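Going by the numbering used here, the sequence shown wraps up at 628, each residue one higher than the last.
All C-beta atoms, glycine included, are put in the ideal place defined by N, C-alpha and C.
A quick note: this is a predicted structure, and the numbers were derived from the prediction, not measured.
Contents: one structure, followed by commentary.
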Amino acid sequence: MPEVPVAFEPAFLEKLEESRREALKDLPRARKAEFVEELFSWSPEETLGRLLEASGLPRAEPADFDIEGLDRLPVRLVHEYHCVPLRAPAANGKLALATGWPPEPEMDDWVFASCGAEPEWHLALSEKIGKCITEHLGVGAESLDASIETNADLEEADQDEEDENAAVIRFVNQVVAQAVEDGATDIHFEPQEETLRIRYRIDGLLVTVPVPDNLRRFQDAITSRLKIMAKLNISERRLPQDGRINYRAGSAILDIRLSTIPTMYGESVSLRLLNKKSQPLTLDELGMSRHDQEEIGKVLALPHGIILVTGPTGSGKSTSLNAFIRQINSVDQRIITIEDPIEYEVPGVNQIQVRPEIGFGFAEALRHVLRQDPNIIMVGEIRDRNTADIAIRASLTGHLVFSTIHTNDAPGAITRLTDMGIEPFLIASGVEMVIAQRLVRRLCRNCVRQVPFDRELLRATLRSLEVDTAEADRTETLPEPAGCESCRQLGYRGRVGLFEILRVDETFHELIVKRESARAIRKLGLEHGMQTLERSGWSQIRAGLTSLEEVVRIVSMNDSGE
67 MPEVPVAFEP
77 AFLEKLEESR
87 REALKDLPRA
97 RKAEFVEELF
107 SWSPEETLGR
117 LLEASGLPRA
127 EPADFDIEGL
137 DRLPVRLVHE
147 YHCVPLRAPA
157 ANGKLALATG
167 WPPEPEMDDW
177 VFASCGAEPE
187 WHLALSEKIG
197 KCITEHLGVG
207 AESLDASIET
217 NADLEEADQD
227 EEDENAAVIR
237 FVNQVVAQAV
247 EDGATDIHFE
257 PQEETLRIRY
267 RIDGLLVTVP
277 VPDNLRRFQD
287 AITSRLKIMA
297 KLNISERRLP
307 QDGRINYRAG
317 SAILDIRLST
327 IPTMYGESVS
337 LRLLNKKSQP
347 LTLDELGMSR
357 HDQEEIGKVL
367 ALPHGIILVT
377 GPTGSGKSTS
387 LNAFIRQINS
397 VDQRIITIED
407 PIEYEVPGVN
417 QIQVRPEIGF
427 GFAEALRHVL
437 RQDPNIIMVG
447 EIRDRNTADI
457 AIRASLTGHL
467 VFSTIHTNDA
477 PGAITRLTDM
487 GIEPFLIASG
497 VEMVIAQRLV
507 RRLCRNCVRQ
517 VPFDRELLRA
527 TLRSLEVDTA
537 EADRTETLPE
547 PAGCESCRQL
557 GYRGRVGLFE
567 ILRVDETFHE
577 LIVKRESARA
587 IRKLGLEHGM
597 QTLERSGWSQ
607 IRAGLTSLEE
617 VVRIVSMNDS
627 GE
């Protein structure tokens, strides 16, 4: 094996100014390849190719990684050197290791001291090594392990008994950073009898995060750290507490809503992550059909009226309202939004954050907004009769109003307003459109596959979805998830919307005034061409965007009352 230069510095680094070269030297090994990729706008493959050429080291693939051998290496060494063992035995009894950046000579000494064997180095994609380490040793394992010495600095830190608080701080930072990287909307720290379980909510589903084996003994310190970040009382463990954290993770700026609640084995902590730098989605990106967008566009062009978006928590209601606002935002419109929280900043729009704890809720804010000469008002949620009454009346006095409400389907929003005590004639006159929506997981574009199916089983499924069973005869294959590295072997990546749009025109006036049931309103809507959530789901399946299994899962949740 060719010897690695004492000061490894390939030719392409000579082009960098001294400050950047110094910055590269100071980076952890796990970040060096990524740093070079960003500087030169190279792909990971291109960066690895240049490193292989410059160092003369052989290449290793993820399939070569020895997962079982990873458990036999010191945790601190694995993280410090960003390395994993390989299955193929090295020559002369050496230990075959893959790393993402060519090693420095002193690394050989520390590997020999820790493992009793000289290393034989290979290079692999840095991101693949990092993913392997995280999946099998747990997020932040190196932060909570101080048992292995790998260099003089670490040895000195061990002798001084490295501050546990600093380790916990690093661990929490890594958990949040990993959540941002994975696109999680929530993080849950859940105390169990034997461990502290951490789960991310990704694309609407909970995913268990691999964690270090020794995490349980740091449970109280981790909870205290999170409460300190949210400025909560760390000594109060008997009562639930709520707080907020302003946090920066790399380029992401997060507004984190934190909630604690006492459980049998300690305090459970939940974090809702709101990324202020995330780009809001358009109606196209949400998966709304061109026809549905045209129908909504007609109502958005009206001078007054109310548009309601309905669905359970996490169904994308606020995202849709934000898309409406951006679509009609212009210099000749005064737009005011009342939100909790403000999820996306919209240039040119006056956005208000409600503060219920000081008596400034949706209803109070709406009263004051009406004195501000608005053309368009967005109310984050109609939670009570007071807010509903003011919103409906505002829509009848020359304002275009957007809001959300919790019901299972579009017709149910009409009867919900009636149940709140709103006069039916006001509902019939003010409500212009109700949009029910859900989010289903989007099939990963890299690994989606078309497969044959049991035609009779499909007919039965379509019948349960109230979709024309003749669709089964017009269908040859169905899209299904396969799983790849791009989607974490889940087969899905991102989400797409299902929409049920009820245009409340004069046809529905009599039914509403007579306080007819949601079933009667739904029947009339279907007669006038309303597409149900189920039929919208079938359209997304036929477009190859999601799977039948996923649509059935979401619809069954809807039927159960979620």
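- Contact between I404 and V420 holds, since their C-beta atoms are separated by about 6 Å, short of 8 Å.
- At least 7 Å separates the beta-carbon of E409 from that of S386.
- Under the 8 Å Cβ criterion, the region 503-517 counts as touching the region 555-570, having at least three qualifying pairs.
- By the Cβ criterion, the region 329-348 is not in contact with the region 571-585, since fewer than three pairs of Cβ atoms, one from each stretch, lie closer than 8 Å.
- Leaving aside the five residues that flank A190 on each side, the residues in its chain whose CB is nearer than 6 Å to its CB run, in chain order, A126, A164.
- Residue pairing by DSSP places N312 opposite D321 in a beta bridge.
- 7 Å or more divides the Cβ of I372 from the Cβ of V365.
- Rounded to the nearest whole angstrom, the C-alpha separation of P306 and L136 is 40 Å.
- Counting C-beta atoms within 10 angstroms of its own C-beta, L349 has 16 or more neighbours from the protein chains shown and is therefore classed as buried.
- E186 sits close to A156, with the two beta carbons spaced by under 7 Å.
- Here DSSP, grouped into helix, strand and coil, assigns M173 to helix.
- Counting of Cβ neighbours within 10 angstroms places K81 among the exposed residues, the total staying below 16.
- Counting only the Cα atoms, T535 lies some 8 Å from A526.
- For A120, the three-state secondary structure derived from DSSP is helix.
- In this structure, A454 lies away from E566, with their beta-carbon atoms at least 7 Å apart.
- Residue ranges of uninterrupted alpha helix (DSSP H) with 4 or more members, entirely inside the region 84-166 and ordered along the chain, are 84-92, 95-106, 110-121, 133-136, 141-147.
- For the pair G478 and V467, the Cα-to-Cα distance works out to about 19 Å.
- DSSP, read as helix, strand or coil, puts F565 in strand.
- In the structure shown, H188 falls within a strand segment according to DSSP collapsed to helix, strand and coil.
- By the Cβ neighbour-count rule, E593 is exposed, with fewer than 16 other Cβ atoms within 10 Å of its own.
- Just so you know, the alpha carbons of I402 and A429 end up roughly 14 Å apart.
- Under a 10 Å Cβ-count criterion, S381 is classified as buried, with 16 or more other Cβ atoms of the shown protein chains found around its own Cβ.
- With respect to T612, V562 sits close: the two C-beta atoms are nearer than 7 Å.
- In this structure, R95 sits near W167, with a CB-CB distance shorter than 7 Å.
- For T463, the secondary structure class from DSSP, reduced to helix, strand or coil, is coil.
- Nearest Cα to T598 within the set G425, K91, V621, G610: V621.
- Assignment of R581 by DSSP, reduced to helix, strand and coil, places it in the coil class.
- T463 counts as exposed, since fewer than 16 other C-beta atoms from the protein chains shown sit within 10 angstroms of its C-beta.
- Sixteen is the threshold: since fewer than 16 other Cβ atoms of the shown chains lie within 10 Å of the Cβ of I327, the residue is exposed.
- Note that the C-beta distance between V445 and S469 is below 7 Å.
- The secondary-structure analysis by DSSP pairs A245 with nothing; it has no beta-bridge partner.
- The beta carbon of I501 sits closer than 8 Å to the beta carbons of I362, I373, L374, V375, T376, S386, A476, F565, E566, I567, L568 from its chain, once the five residues preceding and following it are set aside; these are given in chain order.
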